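Enquirer: The sequence shown lines up with residues 15 to 345 when you count with my numbering. Could you have a look at this structure, given as structure tokens, before my questions?
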Amino acid sequence: METVVSGIRSTGKLHLGNYYGAIQNFVKMQHEYHCFFFIADYHSLTTHPTPQNLHENVKHVLVEYLAAGIDPEKATIYLQSDVPEVIELYLFLNMNAYLGELERSTSFKDKVRAQPNNVNAGLLTYPVLMAADILIHRATKVPVGKDQEQHLEMARTFGNRFNRMYNVDYFPEPYAFSFSDKLVKVPGLDGKGKMGKSEGEANAVYLSDTPEIIRKKVMRAVSDSGPTEPNQQKPEAIQNLFDLMKIVSSEDTYQHFDQLYNSCQIRYGDFKKQLAEDMIIATQPVRERIQEIASDTNYLHKVATFGAEKARESARKTLTAVREFIGFKRF
Ligand code: TYM
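Following this line, the structure appears as structure tokens:
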């Protein structure tokens, strides 16, 4: 059976981008593959959270994984920081990761732009840690959104380089995976790029947002004064809202509003109202379970402890082999 690994950075509550880009695939894959889903808490340190924030955010991800339907009996759910073997592999991979290729990574360049006063080495080697997360379980499939594609390419590069260097055929090539024919990119509500945690509160719809909040956010989403010519191309902000509708609404609903747009009869108020209602329906089952799971500290403790054991067992096997390839020997 193929092995699957994926994770989400613990930098806050999960949003629709995480849900459609990653978690929905996690939930389906757990029935078909050998799955490891973790909380990338080491990765979250690049933005220097306070200890309390760090813990709260890890809890958000753990609770929301469970609320979305990941079953800890089927998939291994764990905290990255509970598996120190990851860090050892990260160190080994860092020895063969080169400054030039790390500096060329799009996500690194974005971060340098976004946080010029905090360009730490952890940001630069972020893709190496991510490769270690994946290679530690020798995974071949990695359910992620479109934004992670380049990181997957780097993970393949680092794994292949290790194999060549030690003349082994140990790490298989991991590929980004989605059940839909393309990798998903969920747009945000700000009329520009993707939905994301760092793009400001109003840009993202969170799985834990109440229906009132969702309505408010969607009604305030960036739009324009409406089409003036039949079948005109949609400007980016409008296209984004249509893309969101394509994800959360039925095909009929989407077609209905698309036709209204194309015949210049669309009323954005109605369009947004419908979009908000469909988002509320789509997230309802997850939202309803979040509160209940969050208050069950005992259960969370059990899930994390059980997951850590299983993940470490798998990680230890890899590290034993890797240390031997490299030439570390006991005296
Ligand atoms: P992160 O925490 O930014 O996002 C977690 C997952 O959600 C997906 N995602 C989106 N998909 C579609 N549209 C969006 N707007 C959107 N926003 C987020 C991401 O593609 C991702 O799948 N580097 C990773 C975490 C990570 C990881 C790993 C993932 C660390 N190690 C190993 C896979 C395997 C990250 O920052 O994702």
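Note that the Cβ used here is the ideal one computed from N, Cα and C, for glycine as well. Nothing here was measured: the structure is a model prediction, and the numbers come from that model.
1) In the DSSP assignment, find the alpha helix (DSSP H) that holds residue 185 and state where it starts and stops.
2) Please report how far the alpha carbon of residue 64 lies from the alpha carbon of residue 95, in whole angstroms.
3) Is residue 170 closer than 7 Å to residue 187 when the C-beta atoms are compared?
4) Relative to ligand 1, is the shortest distance from any of its heavy atoms to the C-beta of residue 156 smaller than 6 Å?
5) Determine the direct distance from the alpha carbon of residue 32 to that of residue 295, and round the result to whole angstroms.
6) Please tell me whether, using a cut-off of 6 Å, the distance from the CB of residue 161 to the nearest non-hydrogen atom of ligand 1 is below it.
7) So, residue 34 versus residue 261, is the Cβ gap smaller than 7 Å?
8) Have a look at residue 13 and residue 271 and give me their C-alpha separation to the nearest angstrom.
9) Kindly identify the DSSP beta-bridge partner or partners of residue 191.
10) Measure from the alpha carbon of residue 142 to the alpha carbon of each residue in 222, 105, 152, then state which is nearest.
11) Beta carbon of residue 15: closer than 6 Å to some heavy atom of ligand 1?
12) To the nearest angstrom, how far is the alpha carbon of residue 212 from that of residue 218?
13) Give me whichever residues DSSP pairs with residue 23 in a beta bridge.
14) Leaving aside the five residues before and after residue 244 along the sequence, list all residues of the same chain whose C-beta is less than 7 Å from its C-beta, in chain order.
15) Grouping DSSP H, G and I as helix and E and B as strand, with all else coil, what is residue 84?
16) Our contact map puts residue 146 next to residue 100 with C-beta atoms below 8 Å; I'd like the distance itself, whole angstroms only.
17) Is there contact between the region 73-88 and the region 48-63, where contact requires at least three CB pairs shorter than 8 Å?
18) According to DSSP, is residue 208 part of a helix, a strand, or is it coil?
19) Alpha helix (DSSP H) containing residue 140: first to last residue?
20) Is residue 21 close to ligand 1? I mean its beta-carbon at under 6 Å from any heavy atom of the ligand.
21) For the alpha helix (DSSP H) containing residue 227, list its first residue and its last residue.
22) Can you determine whether any heavy atom of ligand 1 sits closer than 6 Å to the C-beta of residue 125, and answer yes or no?
23) In chain order, what residues of the same chain lie with their CB nearer than 8 Å to the CB of residue 62, ignoring the 5 residues before and after it?
24) Considering only residues of the same chain and omitting the five flanking positions on each side of residue 225, which have a CB-CB separation below 7 Å?
25) From residue 216 to residue 204, what distance separates their C-alpha atoms?
26) Starting from residue 280, trace the beta strand (DSSP E) both ways and give me its first and last residue.
27) Three or more beta-carbon pairs under 8 Å between the region 147-158 and the region 329-344, yes or no?
28) For residue 108, which residues of its own chain have a beta-carbon under 8 Å away from its beta-carbon, when the five flanking residues on both sides are left out?
29) Given this structure, state the Cα-to-Cα distance separating residue 319 from residue 92, to the nearest angstrom.
30) For a quick check, are the C-beta atoms of residue 274 and residue 232 less than 7 Å apart?
31) How should residue 234 be labelled, buried or exposed, when 16 other C-beta atoms within 10 angstroms of its C-beta is the threshold for buried?
32) Could you pull the start and end residues of the alpha helix (DSSP H) that residue 47 belongs to?
33) So for residue 62, helix, strand or coil by DSSP?
34) For residue 126, which residues from the same chain have a beta carbon less than 6 Å from its beta carbon, with the 5 sequence-adjacent residues on both sides left out?
35) Pick helix, strand or coil for residue 300, following the three-state DSSP scheme.
Expert: Here's the rundown:
1) Numbered from 1 along the sequence shown, position 171 holds the residue referred to as residue 185. Taken as a continuous stretch (DSSP letters only), residue 185 belongs to no alpha helix (DSSP H), as it is neither H nor E.
2) Locating residue 64 in the sequence shown gives position 50, where the first residue counts as 1. Locating residue 95 in the sequence shown gives position 81, where the first residue counts as 1. Between the alpha carbons of residue 64 and residue 95 lies a distance of about 16 Å.
3) By one-based count along the sequence shown, residue 187 stands at place 173. By one-based count along the sequence shown, residue 170 stands at place 156. The answer is yes: Cβ separation under 7 Å.
4) On the sequence shown, position 142 is the one that residue 156 refers to. Yes, since a heavy atom of ligand 1 falls inside the 6 Å radius drawn around the Cβ of residue 156.
5) Reading the sequence shown from its first residue, position 281 is the one you call residue 295. Reading the sequence shown from its first residue, position 18 is the one you call residue 32. Their Cα atoms are separated by approximately 17 Å.
6) In the sequence shown, residue 161 corresponds to position 147, counting from 1. Checking every heavy atom of ligand 1 against the Cβ of residue 161, one is found closer than 6 Å.
7) For the purposes of this step, residue 34 is taken as the residue at position 20 of the sequence shown. For the purposes of this step, residue 261 is taken as the residue at position 247 of the sequence shown. In terms of Cβ geometry, residue 34 and residue 261 form a close pair [threshold 7 Å].
8) This structure cannot settle anything about residue 13, because the visible part of the chain is limited to 15 through 345.
9) The count along the sequence shown starts at 1 and reaches residue 191 at position 177. Bridge partners of residue 191: 157.
10) As a working mapping, residue 142 is identified with position 128 in the sequence shown. Minimum Cα distance to residue 142 is reached at 105.
11) What you label residue 15 is simply residue 1 of the sequence shown in a count that begins at 1. Residue 15 Cβ: outside cutoff for every heavy atom of ligand 1.
12) Residue mapping note: residue 212 aligns to position 198 of the sequence shown, counting from 1. Residue mapping note: residue 218 aligns to position 204 of the sequence shown, counting from 1. Taking the straight line joining both Cα atoms gives about 9 Å.
13) Here residue 23 is taken as the residue at index 9 of the sequence shown, counted from 1. Residue 23 is bridged to 54.
14) For this step, residue 244 is matched to residue 230 along the sequence shown. So the list reads 276, 277, 278, once near-sequence residues are dropped.
15) The residue you call residue 84 lines up with position 70 of the sequence shown. Three-state result, residue 84: coil.
16) Position 132 of the sequence shown, counting from 1, holds the residue named residue 146. Position 86 of the sequence shown, counting from 1, holds the residue named residue 100. Rounded, the Cβ-Cβ distance is 5 Å, consistent with contact.
17) With a cut-off of 8 Å, the region 48-63 and the region 73-88 count as touching, because enough Cβ pairs lie within range.
18) Position 194 of the sequence shown holds residue 208. In this structure, residue 208 counts as strand in the three-state DSSP scheme.
19) What you label residue 140 is simply residue 126 of the sequence shown in a count that begins at 1. For residue 140, the enclosing alpha helix (DSSP H) stretches over residues 140-149.
20) Sequence index remark: in the sequence shown, residue 21 carries index 7 (1-based). True, at least one ligand heavy atom lies under 6 Å from that Cβ.
21) The residue given as residue 227 occupies position 213 in the sequence shown. Here the alpha helix (DSSP H) through residue 227 covers 225-233.
22) For this step, residue 125 is matched to residue 111 along the sequence shown. With a threshold of 6 Å, the Cβ atom of residue 125 does not count as near ligand 1, since no heavy atom of the ligand is closer than that.
23) If you number the sequence shown from 1, residue 62 lands on position 48. The residues are 132.
24) One-based indexing of the sequence shown puts residue 225 at position 211. Excluding positions up to five away in sequence, the list reads 294.
25) Here the question's residue 216 lines up with position 202 in the sequence shown. Here the question's residue 204 lines up with position 190 in the sequence shown. When the Cα atoms are used, residue 216 and residue 204 turn out to be separated by approximately 7 Å.
26) Residue 280 sits at position 266 when you count from the first residue of the sequence shown. Neither: residue 280 is in no beta strand (DSSP E) and is coded neither H nor E.
27) The answer is yes - the region 329-344 touches the region 147-158, with three or more Cβ pairs under 8 Å.
28) Residue 108 sits at position 94 when you count from the first residue of the sequence shown. Within the same chain, 139, 142 come within 8 Å of residue 108 by CB-CB distance, once the 5 residues on both sides are set aside.
29) For the purposes of this step, residue 319 is identified with residue 305 of the sequence shown, where counting begins at 1. For the purposes of this step, residue 92 is identified with residue 78 of the sequence shown, where counting begins at 1. One alpha carbon belongs to residue 319, the other to residue 92, and they sit about 8 Å apart.
30) The sequence position of residue 274 within the sequence shown is 260, counting from 1. The sequence position of residue 232 within the sequence shown is 218, counting from 1. It is not a contact, given that the beta carbons lie outside the stated cut-off.
31) Here residue 234 refers to the residue found at position 220 when the sequence shown is read from its first residue. Exposed, since its Cβ has fewer than 16 Cβ neighbours within 10 Å.
32) In the sequence shown, counting from the first residue as 1, residue 47 sits at position 33. Per DSSP, residue 47 lies in no alpha helix (DSSP H) segment and is marked neither H nor E.
33) Walking along the sequence shown from the start, residue 62 turns up at place 48. DSSP, reduced to helix, strand and coil, places residue 62 outside both helices and strands of the structure shown, so it counts as coil.
34) Position 112 of the sequence shown, counted from the start, is the residue given in the question as residue 126. So the list reads 133, once near-sequence residues are dropped.
35) Here residue 300 is taken as the residue at index 286 of the sequence shown, counted from 1. Residue 300: helix per DSSP, three-state reduction.
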